[in-house]
Amino acid sequence: MSEPSSFYAKITIKPESYEQFLRAEPAVAKSQSGWNEWFHSKTMYGKPELTENHLNTYKHSSNREIIDHWLKAGQSYSFSEYDRENETWHFGIIWFTKNYLEMIPMLSTIRGIAGFREGNELDFIIVYSYFWEPNQINAYLKFSSGNSEFVEKVEPEDLKCADLYLTKKWHQFAENILLD
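Heads up: the sequence shown begins at 251 in this note's numbering, then just goes up one per residue.
In structure tokens, the structure reads:
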């Protein structure tokens, strides 16, 4: 993997719970399960041993600060859209990272929404090579019963959903670039 992967999350959450999540402190990666299994399942050059120091989170006081940080990082082409009618939050970073260790803080942050959502089993997070190798999956998580877990096999409808949403957003960003 030599090009940045893309990050996409689709979460069903009530408006008041979404606002609570944004105001809340970021989740602590060390308290979430599955990191070792996920990390050791990945092929990478010079793979370090995953230690507690690698399970760091962002140094922000709220989830909103983290989201805003990414939205202001112009070259990342990030978006955060809450659909009140369908009570669905779409969050993505089109130019995210190619480094598995750099994925951990954002994955941890969005995994932290698990305790705020209603329990829709269709919610997911995916990090994958949207532009170059769409079947190159770096991380895929599903939500259930107040938590999230890494899943090895991606559901085709989730990959299709991510592709469609990222394509829509990429076209919007590209249009704005041409207008600037």
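Every residue gets a Cβ at the ideal spot worked out from N, C-alpha and C, and that includes glycine. Computed from a prediction, not measured in an experiment: that's the story for all the values here.
- request: Report the option in 368, 343, 351, 313 whose CA atom is closest to the CA atom of residue 259.
  value: In the sequence shown, residue 259 corresponds to position 9, counting from 1. It is 343 whose Cα lies nearest to the Cα of residue 259.
message: Suppose contacts are defined by Cβ-Cβ distances below 8 Å. Is residue 309 in contact with residue 350 by that definition?
response: Against the sequence shown, residue 309 aligns to sequence position 59. Against the sequence shown, residue 350 aligns to sequence position 100. Not closer than 8 Å, so no.
task: Just grab the DSSP bridge partners of residue 397 for me.
output: Locating residue 397 in the sequence shown gives position 147, where the first residue counts as 1. In the DSSP output, where bridge partners are listed per residue, residue 397 has 394.
query: So what does DSSP say about residue 310, is it helix, strand or coil?
result: Here residue 310 refers to the residue found at position 60 when the sequence shown is read from its first residue. Per DSSP, reduced to three states, the secondary structure at residue 310 is coil, with no helix or strand assignment.
query: Taking the C-alpha atoms as reference points, what is the distance between residue 393 and residue 375?
result: As a working mapping, residue 393 is identified with position 143 in the sequence shown. As a working mapping, residue 375 is identified with position 125 in the sequence shown. In this structure, the CA atom of residue 393 is about 9 Å from the CA atom of residue 375.
N-terminal and C-terminal residue of the beta strand (DSSP E) that residue 263 is part of: By one-based count along the sequence shown, residue 263 stands at place 13. Counting along the chain, residue 263 falls outside any beta strand (DSSP E), and DSSP gives it neither H nor E.
query: Between the region 256-273 and the region 297-307, do at least 3 Cβ pairs fall closer than 8 Å?
result: Put simply, the region 256-273 does not touch the region 297-307. Fewer than three CB pairs are less than 8 Å apart.
message: Please state whether the Cβ-Cβ distance between residue 357 and residue 389 is less than 8 Å.
response: Reading the sequence shown from its first residue, position 107 is the one you call residue 357. Reading the sequence shown from its first residue, position 139 is the one you call residue 389. A contact, by the Cβ cut-off of 8 Å.
message: Quick check: the Cα distance between residue 419 and residue 329, rounded to an integer number of angstroms?
response: The residue you call residue 419 lines up with position 169 of the sequence shown. The residue you call residue 329 lines up with position 79 of the sequence shown. A direct Cα-Cα distance of roughly 8 Å separates residue 419 from residue 329.
Close beta carbons around residue 363, own chain, < 6 Å, minus the five adjacent residues each side: Working through the sequence shown from its first residue, we reach residue 363 at position 113. Non-local beta-carbon contacts of residue 363 in its own chain, meaning distances under 6 Å to residues more than five positions away in sequence, involve 261, 271 in chain order.
- request: Quickly, what does DSSP pair residue 335 with across the bridge? List them, please.
  value: Sequence index remark: in the sequence shown, residue 335 carries index 85 (1-based). Bridge partners of residue 335: none, in fact.
task: Between the Cα of residue 275 and those of 355, 298, 337, spot the shortest distance and give me the residue it belongs to.
output: Mapped onto the sequence shown, residue 275 falls at position 25. Checked all of 355, 298, 337; the closest Cα to residue 275 is 355.
query: By DSSP, does residue 378 sit in helix, in strand, or in coil?
result: For the purposes of this step, residue 378 is identified with residue 128 of the sequence shown, where counting begins at 1. Here DSSP, grouped into helix, strand and coil, assigns residue 378 to strand.
message: Just to confirm the assignment, what range does the alpha helix (DSSP H) spanning residue 353 have?
response: Here residue 353 refers to the residue found at position 103 of the sequence shown. Boundaries of the alpha helix (DSSP H) around residue 353: 350-361.
message: Within 10 Å of its beta-carbon, does residue 424 have 16 or more other beta-carbons around it, so buried, or fewer, so exposed?
response: Position 174 of the sequence shown holds residue 424. Exposed: under 16 other Cβ atoms inside 10 Å.
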